[in-house]
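K.L.:
Dropping a structure here in structure tokens format, bear with me for questions.
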Amino acid sequence: MAVALLLNAREEVLTLWRYRFAVDQWGYELIGGLVEEGEDPATTAAREAVEETGWRPVGEPEHVATFQPLPGMVDAPVNAYIWRHADKVGEPTDAEEAARIEWIPIDRMGELIKRGEVLGSGAIVPVLFYLASRST
1 MAVALLLNAR EEVLTLWRYR FAVDQWGYEL IGGLVEEGED PATTAAREAV
51 EETGWRPVGE PEHVATFQPL PGMVDAPVNA YIWRHADKVG EPTDAEEAAR
101 IEWIPIDRMG ELIKRGEVLG SGAIVPVLFY LASRST
């Protein structure tokens with residue numbers, strides 16, 4: 001899996017508001033998807049951004065981390081990347097991907113994580129990494 005944290009000049013992060021049946025919950029997620037055979041994970045994250053949101057990441061991504069969210073249960077590495085610019089290139093190709101697409105101030109994301117409104121480590125890890133790196 002590969003995920004993208006897309007930021008704009010106002011330090012807002014592009015999020016998807018989705019319902020996840022497995023946990024019976026609505027919440028915010030970052031853009032991401034499964035890495036196709038032979039595909040570079042950063043390419044996957046950028047492709048998913050265009051497909052899911054209509055926003056194309058610009059420039060070289062910063063690799064945040066590759067991590068295993070549940071190493072005792074499944075081999076499912078997550079590759080997380082940050083882009084600090086994206087261009088609107090169209091509409092999402094799958095209207096069912098998210099109930100809404102929303103730019104949220106990165107400073108607000110920490111509170112959303114505390115309240116359990118950000119779903120999954122694929123979103124939480126890159127956001128916390130970015131917030132921590134700003135304070136050093």
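Going left to right, the sequence shown walks through residues 1 to 136 as the UniProt record's numbering numbers them.
C-beta atoms are modelled at their ideal positions from N, C-alpha and C, and glycine is treated no differently.
Here the structure is a predicted model, which is why all the values come from computation and not from measurement.
1) Determine whether the beta carbon atoms of R10 and P71 lie at a separation below 9 Å.
2) Let me know the alpha helix (DSSP H) ranges lying completely inside the UniProt domain "Nudix hydrolase" (1-130), each 4 residues or longer, listed in chain order.
3) In this structure, how does DSSP classify S135 when only helix, strand and coil are distinguished?
4) Roughly how many angstroms lie between the CA atoms of R84 and A95, to the nearest whole one?
5) Can you say whether E36 is buried or exposed, counting buried as having 16 or more other CB atoms within 10 angstroms of its CB?
6) What's the C-alpha gap between residue 137 and A2?
7) Is it buried or exposed, A99, if we count other Cβ atoms within 10 angstroms and call 16 or more buried?
8) If we ignore side chains and look at the alpha-carbon of each, how far apart do V78 and R47 end up?
9) Taking the CB atoms as reference points, tell me whether Y28 and L112 lie closer together than 9 Å.
10) Does the beta carbon of I104 come closer than 9 Å to any beta carbon on chain C?
P.N.:
Once the coordinates are examined:
1) Contact: no.
2) Complete alpha helix (DSSP H) runs here, min 4: 41-53 and 106-114.
3) If DSSP states are grouped into helix, strand and coil, S135 belongs with coil.
4) Taking the straight line from one Cα to the other gives about 25 Å.
5) Burial call: exposed.
6) The requested residue 137 is not part of the displayed model; the chain covers only 1 to 136.
7) Burial call: exposed.
8) If you draw a straight line from the Cα of V78 to the Cα of R47, it is about 16 Å long.
9) The answer is yes: Cβ separation under 9 Å.
10) Note that chain C does not occur in the displayed structure, where there is just one protein chain.
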